[in-house]
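Note that the protein sequences, when read in sequence, are chains A and B. If you read the first sequence in our numbering, its first letter stands for residue 390, the second for the next number, and so on. If you read the second sequence in our numbering, its first letter stands for residue 5, the second for the next number, and so on. We put the beta carbon where it would ideally sit given N, CA and C, even for glycine. Quick caveat, the model's predicted, so the values are computed rather than measured.
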Amino acid sequence: MADTEKQKNKLQYLLCPKCNGLGKINGKDCFECGGRGIGAWTGNYLLYWGKVINETHILHRKFTDAVYDTLDFLLMIFGITGIMIAFYIFTQTMERQGTSFQSFLFWTENSFRMFIVWISLITDTYLFYRFARRMEKWPKIPNDMRIIPTPDKPFVWENIRTEASGRMFDISGVFTLDAVRAIEKSYELGKKYNYSALNPIHLFISLLTFPEIINIIVRLGVPFDELRTKLSHAITDHSLPQEKDVMITIDFYKALFESFVYAASAKERTVYLSDILVGVINSSEVLSEILYDMKVDKNKIINVSLWMRFQRDLTKRIYATQKITSLHSKSDVNKSMTAVATPFLDSISEDLTLYARARRLEPCIGREGEIKEIFEIMSGGTRRSAVLVGFAGVGKETLVNKIAYLMASENVPKFLSDKRLVNLSIPRLTSGTNPAESEEKLLRLLNEVKRAGNIILFINNIHQLAGISIGSSGSMDLASVLSDAVAKKYVRLIATSSPSDYTKYIERGSLGQVFEKIDIKEVKGNEAIQILESKVGLFEAKNNVYFSYDAIAKSVELTDRYFHERYLPEKAIDVLDETASRVYGQKGKDATVTENDIAETISLKVKIPLSDITEKETEKLIHLEEKIHERMINQEEAVKMVSSALRRARAEMRDKSRPIVNLLFLGPTGVGKTQLAKTVASIYFGDEHEMIRLDMSEYQEKSSISRLIGAPPGSGDEGTSGYLTENVRNHPFSLVLLDEIEKAHPELLNIFLQVMDDGRLTDSQGRTIDFTNVILICTSNACTSTIQKRVEQNYTAQQIKDEIVAGELQQFFRPEFLNRYDGIVVFKPLSREHIRQIARVMLRDVEKNLEAKGISFMATDGAIDDLADLGYDPKFGARPMRRVIQDRVDDAVATYILEGKIQRRDKVVLDVGGKIDIIKSKKL
Amino acid sequence: MKQKVSQNLGYLTAKFIIVDVIGDILYWPIWWYSRGLKKLVLYIYHEIVYFESRIGLKMWLSNLFKPMYGQRDWQGRLISFFMRFVVLIYKTIRFILWIFLLFIIFFAWILIIPFCVYQLIFNFWYFIVP
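Structural data, given as structure tokens:
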């Protein structure tokens, strides 16, 4: 689809067959094409570049510009002189004749100086004519040029005179002065540095000297030095010193045609510098490669140039509304004065149309569809009031601001013209009064609205009205009073509410029958980016920083992915605001906010590493297995699985809609299943306890579901949040360990099916908890006897796994549950050598504890053998080891310390039979 | 090479002076009474329409018999009518004055060049023959 689209928008280039598109034969203009060389057929028009680009013409244009500028300046001086002389003559006449009608006839004087005055006056008209003409001549892309139709049949040069007659278009006429200057500058650069041929890349370099383009490059986050180096490498390839004129390549002209086509399709009136930027990248592969290498593609450039254009047009738009809003009434009474003043309403509300008139409301981008729908509802039908239903932060109030702007500029359907949009504040209506008084106030207010006849009410969060009733529940409440007035069509209303409140308080209540519901959806993707682009100016001015385009795009992408309880665009706006002030604090004035800064802000909030990976972290990730094995003996397969899952997660090379990895560790007790989880938590998440651990033996009842995900509504503990969901909500990037999963109630396993598949879980309060950044590890002792038996029979781990997964394990878990694991790892029983290593690892803890007291520790090989014998139990694996070390080492050493037998700098040696030797240090 | 450039430049400059500078001056009076005049007329038209909707003349005329501030009793209606009548007269005067001003601009546009030329000849004559 995209390819055919591309094909459709492609221009068909025509090269002059005589000069091969060069425009010159032996240094003279080609007779066949008149020096134009190349044309582009759009299917409707034959585009050509009419301005000659050579030294003479550039010089000439500079000369004429200088002449015109001087001429304008002189004419202006002369014009002003004339007026001053006239004024001088007038004051002289006044002095002579006093203030009388006679002195106003000073111009009837016949003199040389009056002669000058008349000449200057006539010059003024000439000057006026010159400026008006320049405005007229201002280049414009014709309307019918804006859609470039498909070139349906190939166009051949021979047919130019017949088919293209009257349809030739000189694109050079619609380039802005700056754009033409950029083209000429590239030629001058070529001349200066002796390039044999002028390519789009030279045009790009020339563009880089213009502030508008520099701005775009800065916004794209491209480092200038790097760009300069890359460009200079690209240029030296075709830089040849030559005496002759610089040849303009066909690609150069193609870049100009592409710029024009882009500007025309973007519905612009002229070709701006930014359009040339797009055109240049479209037609130069080298350049697009260079930029691609710097993370910039065509789409980004288009988005940034749109952003810059938005900022440029903002001033124009403000000027336009200024004139238009002066049409709307300045006061609370409408222009025809038929309205009645509403002093009471005014005391508890704000007039949004007046605010809009003073341009005090935040502007709203887009949302045309919703506004049209609101107008349609309000214009007629049985229900003339609308309630905008959407989550907090999707822009309901901003949308109402836009209606206020439209009303202030009288750009609305007739029933809204010359009306006021008034924001009624419910807290101001109800605070400090009892329900009966509030109701009285509301009635009084509605009466005023009815009599005034020019008021449209806006009530934010209208559900707040429901439930404020006078008597017992079920009696008349404020909502009923309001809905009664709306039903009788006394007032037209725009209200807002959130989806849950709408369902709970409005839909089935009295208000639900008088309102038409309009869903306000959350904005996504490009639309959200454009809204943010319109807002960043504010944060930039406030904090003296600049946003790169990537920062804005990233804020939309990341908040969409990680902030599930808030909505776009508000959540991204908050992140931008926060990042701007943080970056100003860190980097100072005029710093650029990059995508990494945005990632850091979000990282801080959601506690997930998102910013660029530092060298230290890379080191840690690459050597993860070794790090884990420092504390974990054997079980290579499991260690490798966890490590590579973490690496994949950090490099964002995984399915982002599921947990980082789902693993099932099988094996007898005491072989290191839980230890591995703890080690990963300690190495990667910073602390052994940085994991969410659930002993599933505590969840054997069906009712324990509520402890996992919270108590359901209606139960006694309603509102209690679940242990699992609450922990994951607060620590979305963590390790979840489900110990002894086979002991859990089968219903609970169904919950984990969803977690493992979709990476999310809805808690009892209806919140969606994100599990996509979680490492899910389940351990199980199921099938232990089979594993032990097969190990004795020398089966490999793979063979054991295949056997139990296909058979015995299915008694404990359903196949669909087992299928959802990314890996099932069988932990093999430990050998004697492993036990010795474990003893060493555990003694390291003893060593560490003693080291803190200034005492060194050592164990002989015999002692290790001893510990291995005592600490190993075929049933419990290495589990008794800790107790043995406690009994044999910790206890004994503790006694010695208390007795004062061991001092600082002494050495403790553990020997065979649990004997402890103390080597005393030298006396100081 | 150099020779050719200067020749070219000479040609371009001559063309510039004859066509662009002199041609421009010759076109000035023609433009003044054709395209320029049309632009002025359009400008005046838009200004009148805009001014009318700003002061709401038509709206006040159509609401002449409607009571102001919702005072629907006969006293209110009577006072409203006279009040509206007075305001309407005031608005009409403002409107007429504005149109008058615009017409002055219109006539000034038409007359300024011939008038200046006449004054020039007039003055020229006197300062040759004082």
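- When DSSP reads this structure, A/L1127 sits in a beta bridge with A/L1083, A/C1167.
- Taking the Cα positions, A/D1147 is about 43 Å away from A/K656.
- Closest in alpha carbon position to A/L597, among A/S663, A/N583, A/N548, is A/S663.
- Non-local beta-carbon contacts of A/I637 in its own chain, meaning distances under 7 Å to residues more than five positions away in sequence, involve I442, L587 in chain order.
- When DSSP states are grouped into helix, strand and coil, A/L1052 belongs to the strand group.
- The straight-line gap separating the alpha-carbon atoms of A/M1247 and A/D1076 is approximately 27 Å.
- The CB of B/T17 comes closer than 8 Å to the CB of H449, F452 in chain A, given here in chain order.
- Distances from the CA of A/E759 to each of A/I792, A/L743, A/G782, A/V729 were compared; the closest alpha carbon is that of A/I792.
- With fewer than 16 other Cβ atoms from the protein chains shown falling within 10 Å of its own Cβ, A/S1092 counts as exposed.
- Around the beta carbon of A/T1007, a 10 Å sphere encloses fewer than 16 other beta carbons of the protein chains shown; the residue is thus reported as exposed.
- In this structure, A/M1085 lies near A/I1130, with their beta-carbon atoms less than 8 Å apart.
- The beta carbon of B/Y15 sits closer than 8 Å to none of the beta carbons in its chain outside the five residues before and after it.
- Listed in chain order, the non-local C-beta contacts of A/A644 below 8 Å within the same chain comprise P589, L592, I665, G668, V669, N671, S672, S673, local neighbours out to five positions each way being set aside.
- Following the DSSP letters along the chain, one finds A/R570 in no beta strand (DSSP E) but inside the alpha helix (DSSP H) bounded by residues 566 to 581.
- Taking a beta-carbon distance threshold of 8 Å, B/W36 counts as an interface residue toward chain A.
- Within 10 angstroms of the beta-carbon of A/N1162 lie 16 or more other beta-carbons, which makes it buried.
- At the C-beta level, A/A1027 and A/V1194 stay beyond 8 Å of one another.
- Annotated as distal: A/Y1073 and A/H1134, with beta-carbon spacing of 8 Å or more.
- Boundaries of the alpha helix (DSSP H) around A/F462: 444 to 486.
- In terms of beta-carbon proximity, A/K878 stays away from the interface with chain B, with every pair separated by 8 Å or more.
- Note on geometry: alpha-carbon atoms of B/F55 and B/Y47 lie some 12 Å from one another.
- In the DSSP assignment, A/Q1154 forms no beta bridge with any residue.
- Annotation: A/N843 is outside any beta strand (DSSP E) and is labelled neither H nor E by DSSP.
- For A/K943 and A/S886, the gap between their C-alpha atoms comes out near 29 Å.
- In its chain, beyond the 5 residues on either side, V801, P802, L805 have a beta carbon closer than 8 Å to the beta carbon of A/F764.
- The beta-carbon separation of A/L810 and A/L871, rounded to 17 Å, does not stay under the 8 Å limit for a contact.
- Excluding its 5 nearest sequence neighbours in each direction, A/T742 has C-beta neighbours in its own chain below 6 Å: A793, M796, A797, R809, L810, listed in chain order.
- Closer than 8 Å at the C-beta level to chain B, one finds these residues of the segment 828 to 844 of chain A: R840, A841, G842.
- Here the alpha carbon of B/K62 sits roughly 26 Å from the alpha carbon of A/M767.
- Within the segment 1266 to 1295 of chain A, not a single complete beta strand (DSSP E) segment reaches 3 residues in length.
- With its beta carbon less than 8 Å from one in chain A, B/F128 belongs to the interface.
- Where A/I763 is concerned, the enclosing alpha helix (DSSP H) starts and stops at 757 to 768.
- For A/H953, the closest alpha carbon among the candidates A/D866, A/L1137, A/G1155, A/D1128 is that of A/G1155.
- Annotation: A/F520 to A/I851 spans about 56 Å, alpha carbon to alpha carbon.
- Counting of Cβ neighbours within 10 angstroms places A/H1223 among the buried residues, the total reaching 16 or more.
- DSSP places A/F928 within a helical segment (H, G or I) once states are collapsed to three.
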